Amino acid sequence: MQGGSEAVEVSSHRSVSRGADNVVSKAVMEQFTPGTSVLKSADRLPGVSFSSTDPLGIDLWGSSIYVRGFFMDQLGVTLDGIPLNDQTYESNNGLNIIQAAISDDIDRSIISEGPGGVAVPSTSTLGGTMQFETGDPKDQLGGKVSQGFGSYSSFRTYARLDSGKLNSTGTKFMTAYSRSDEGMWAGGGSQFQQQVDAKLVQPIGHESVMKAFFNWSDLAEWGYWDTSLAMLNGLGWRTPHLYPNYAKAYNYAAGNISLPTTDAIEENGDEPYLYDGGQHETNYTGGLNFDLALTDRLRWRSTLYGTSQTGYYTYADTSTPSADTEAPFSEEVWQNRQERYGFTTSFLYKIANHNIDAGVWYENNNQEAGLFWYNEPTLGEGAPLKTVGPYNTYGKAFQQGYGFNWRTNNFAFHLQDTWRPIENLRVTAGFKSVLATTAGGATYNNPDYTGVDALPNGSMTASSAFLPHVGASYHFLQHHEFYFDLAENMRTYQVLPNGVGNSPWSVQDQDAFRKLQHSVSPEKDWVYAVGYRYTDKLVQASLAGYHADARNRLQAATEGTILAPVSTVVPTTVHTNGVDAAVTLTPIKGLAIYNSVSYNHSTYGGNITTSDGIYYTKGKKIVNFPQFMYKANLSYRWKGLETHFDVHYYSKRYYSYVNDTSVPGYWLASTGARYNFGKVGFAKNLSVDFNVYNLFNSKYISMMGQNGNPMSGDYQSLERGAVREFFGTVSAEF
């Protein structure tokens, strides 16, 4: 727990919180279909919005999470103390949690909807933190296996082995493997992922412990299609990629056949009939944690970690014919690689009514990004390339658009004191200092593709010597709690290549980059949160208000097509006010009835000027996030039976920065049940569960802005959410 309030474990049916921290337990996570992204469990909380094109939320291109209007590249995220940073697709400065650990092996998550704690190691904390923790190996020898099946030929296998305690010192370990293949509900292809987890726990004496964690993941996914308002209105809600019909895609790109279109689609520059698109990533994550009791008052906690990621992100490019074959299109591949190594170390000292925490964090990140084109075969002369690779079947890349290389060093120091002047009052005050320098940029430029003589290259530093944080939690009466949190936060500069996102290095040329070097400052904000909570056996209720002022936020004004995007990066300000309210009733044993409402009013603080002129964005609502959300959950447990029903409402979301386009609000409902038969033969906790996603088959837009948002009007940067799907799983322990 970080910040000015304590967090407590949740009950079997709901998330119970203290202060700005919400603890989501294993019991809550298990209500979702096995293999579901743990980010989705956070969507139960008021003020949190998670959406995805697939039911499980594992399609990185089509999934997103917001916390009170802050996007997933503005949150601090850790796994067992390892900083994961930016959670977005194709990130050069982070790793998504679904690729860092098998969801079955995560025991709980702590979601802070306030400003986040100073001790959380992160380069992206602006509006909260998400801290995930894997479970320790069990004390007894045993294991677990599960097999799941679902709509569109989906399947998932999970197996785990626990060693139990191996000796008198308590040494124990676990290892697990998962393999999932989520079928596509439209178009061809699949969304495949396999992972290995391993964890070792070694007690040291009676008060200290060493823990080691390792994960390997391999993800190979065909993606769903990018759509636009013009495509939805003109072609309907199902316009998938043409894969696996290579002949149709070939003849369309060659101009031999025509496919339906509209004037609005043509004017928008949309690409509704691409052959395929997707990604292939391989990741390694490892960490070594020490929690050492040096004296009865002093503890030393340290984490050593490393992550490695190699990713390929693809589209079939109809604007670039293959050079060495007769194919009228090629495979456009963004190739990224990053290696992060670092450590955190802190000392915690107890004296009188004070708990003092002081520590440092250092990380080095080597980042690469390149854009390449590979040959597709002449029709009838070989199998077409798969969007997940390999790509060099018909020769090496025949064209390169750009190449980037950076080296980033992050350093942070924190100091905080948690003081209990009286038993029911906890006050936290502290600060952190941050220094982050990124050096590098373009190492290769193809002027025929980029249209410029020089791409961005140079160094930028984000630093702040004093980022304060103050908070308090006061249990002024039995069952009653009042809390507040306020802090100043800073996000370091994002590292992205030409035309991708809101990074200084993604602007069009070196001249624009040099202007930003001398004019832009790192994004900072002040975040304030205040709340009241009532908790007893029958009723748990909360009311929270919050305010945030963000300055120097870099917005990417996206133009061009999805195959050749152009980003104009401009700084702006954002002002946020909001309120969340939630109540859980537990009238009888086993029954929990949860309802929450959220209102968020976030607006841009100024107009945005681009090469096209002035866009009047001052006072306009932020894009992609609903102003109003309603959530309800009904869960019931009786003996071996567990059931749940969820329904969410998300209001209209604005699409363009000037708010002249938007997507409508929608309702989304899901339900599920599980029955535990207990011990059957040699199997323990033999259980069967069944889940239905999108129960009423609602049509809705899930992901928005994956290719960027338009300043005005329309753009091909929307994705439809999944249709109704069914999943069943059989699991047993031994």
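FYI, UniProt numbering numbers position 380 of the sequence shown as 380, with every residue one higher than the one before it.
Just so it is clear, CB atoms sit at the ideal spot from N, CA and C, and this is done for glycine as well.
In this text the structure is predicted, and so the values were computed from the model without any measurement.
Rounded distance between the beta-carbons of residue j and residue i, thought under 8 angstroms
i      : j      : result
Gly183 : Tyr152 : 3 angstroms
Ala548 : Gly127 : 7 angstroms
Leu95  : Thr285 : 7 angstroms
Phe32  : Leu39  : 11 angstroms between Cβ atoms; not a contact.
Asp509 : Leu455 : 6 angstroms
Ser63  : Ser37  : 7 angstroms
Tyr275 : Ala247 : So it is not a contact: roughly 11 angstroms between Cβ atoms.
Asn410 : Tyr362 : 7 angstroms
Leu467 : Val427 : That belief does not hold up - the Cβ atoms of Leu467 and Val427 are roughly 18 angstroms apart, past 8 angstroms.
Lys138 : Gly164 : 7 angstroms
Thr643 : Pro34  : Wrong, their Cβ atoms sit about 17 angstroms apart, outside the cutoff.
Val118 : Phe431 : 6 angstroms
Gly148 : Phe727 : 6 angstroms
Trp237 : Arg720 : 6 angstroms
Leu585 : Tyr636 : The pair is not a contact, with the Cβ atoms about 12 angstroms apart (cut-off 8 angstroms).
Ala582 : Ser542 : 5 angstroms
Gln99  : Asn289 : That belief does not hold up - the Cβ atoms of Gln99 and Asn289 are roughly 20 angstroms apart, past 8 angstroms.
Leu371 : Gly401 : 4 angstroms
Phe413 : Glu368 : Actually they are not in contact, since the Cβ atoms of Phe413 and Glu368 sit about 29 angstroms apart, beyond 8 angstroms.
Met490 : Lys515 : With 8 angstroms as the limit, Met490 and Lys515 do not qualify as a contact, their Cβ atoms being about 22 angstroms apart.
Ala436 : Asn457 : The Cβ separation is near 18 angstroms, so there is no contact.
Within 8 angstroms, strictly: CB atoms of residue i and residue j
i      : j      : result
Val520 : Asn552 : yes
Ser598 : Val574 : no
Gln494 : Asn215 : no
Phe347 : Leu298 : yes
Trp406 : Thr450 : no
Ala176 : Asp270 : no
Ser146 : Asp21  : no
Glu331 : Glu281 : no
Lys652 : Ser596 : no
Trp222 : Gln191 : yes
Gly76  : Thr129 : yes
Val569 : Pro497 : no
Ser41  : Gln74  : no
Glu90  : Asp107 : no
Asn600 : Gly69  : yes
Asp417 : His354 : yes
Glu725 : Pro55  : yes
Tyr312 : Gln279 : yes
Asp580 : Ala544 : yes
Thr661 : Gly578 : no
Ser208 : Asp136 : no
Tyr250 : Pro321 : no
Trp419 : Ala397 : no
Val663 : Tyr616 : no
Sheet register partners of residue i (DSSP bridge)
i      : result
Phe214 : Ala198, Gly286
Tyr693 : Glu725
Asp549 : Trp526, His575
Met460 : Thr438
Lys432 : His414, Leu467
Met629 : Ser598, Tyr650
His475 : Beta-bridge pairing links His475 to no other residue.
Gly143 : Leu161
Ser635 : Ala592, His644
Asn446 : Asn446 is not bridged to any residue.
Gln555 : Val570
Residue i at chain B interface by Cβ criterion, 8 angstroms
i      : result
Val434 : No chain B appears in the structure shown, which is made up of a single protein chain.
Residue i: CB within 7 angstroms of a non-hydrogen atom of the ligand MG
i      : result
Asn709 : Because no ligand of any kind appears in the structure shown, any question about the ligand MG cannot be addressed here.
Okay, do the segment 366-384 and the segment 421-430 touch, 3+ Cβ pairs below 8 angstroms being the bar?
In this structure the segment 366-384 does not touch the segment 421-430; the number of beta carbon pairs closer than 8 angstroms is below three.
Exercise for review: Could you tell me whether the segment 141-157 touches the segment 509-519, where touching means 3 or more Cβ pairs closer than 8 angstroms?
Suggested key: With a cut-off of 8 angstroms, the segment 509-519 and the segment 141-157 do not count as touching, because too few Cβ pairs lie within range.
* Along the chain, which unbroken stretches of the beta strand (DSSP E) at least 3 residues long are found entirely within the segment 146-198? -> Complete beta strand (DSSP E) runs here, min 3: 154-162, 172-183.
Could you name each continuous beta strand (DSSP E) segment of 3 residues or more that falls completely within the segment 381-420, going from the start of the chain to the end?
Qualifying beta strand (DSSP E) stretches: none in this window.
Inter-stretch contact at 8 angstroms, needing at least 3 Cβ pairs: the segment 695-704 / the segment 663-681
A contact exists between the segment 695-704 and the segment 663-681.
| field | Inter-stretch contact at 8 angstroms, needing at least 3 Cβ pairs: the segment 225-242 / the segment 255-269 | value | Output reads yes: the segment 255-269 touches the segment 225-242.
*Length at least 3, wholly inside the segment 647-715: the beta strand (DSSP E) runs in chain order*: Complete beta strand (DSSP E) runs here, min 3: 666-676, 684-693, 701-704.
(request) Please list the segments of the beta strand (DSSP E) lying wholly inside the segment 279-342, counting only runs of 3 or more residues, in order along the chain. (result) Within the segment 279-342, the runs of beta strand (DSSP E) at least 3 residues long that lie entirely inside it are, in chain order, 298-317.
With a floor of 3 residues, list each beta strand (DSSP E) that falls wholly inside the UniProt domain "TonB-dependent receptor plug" (21-121), ordered by position along the chain. Segments of the beta strand (DSSP E) lying fully in the UniProt domain "TonB-dependent receptor plug" (21-121): 21-25, 48-52, 63-67, 76-79, 106-112.
- prompt: Would you call the segment 621-636 and the segment 702-711 in contact, with 3 or more CB pairs under 8 angstroms?
  reply: The segment 621-636 vs the segment 702-711: in contact.
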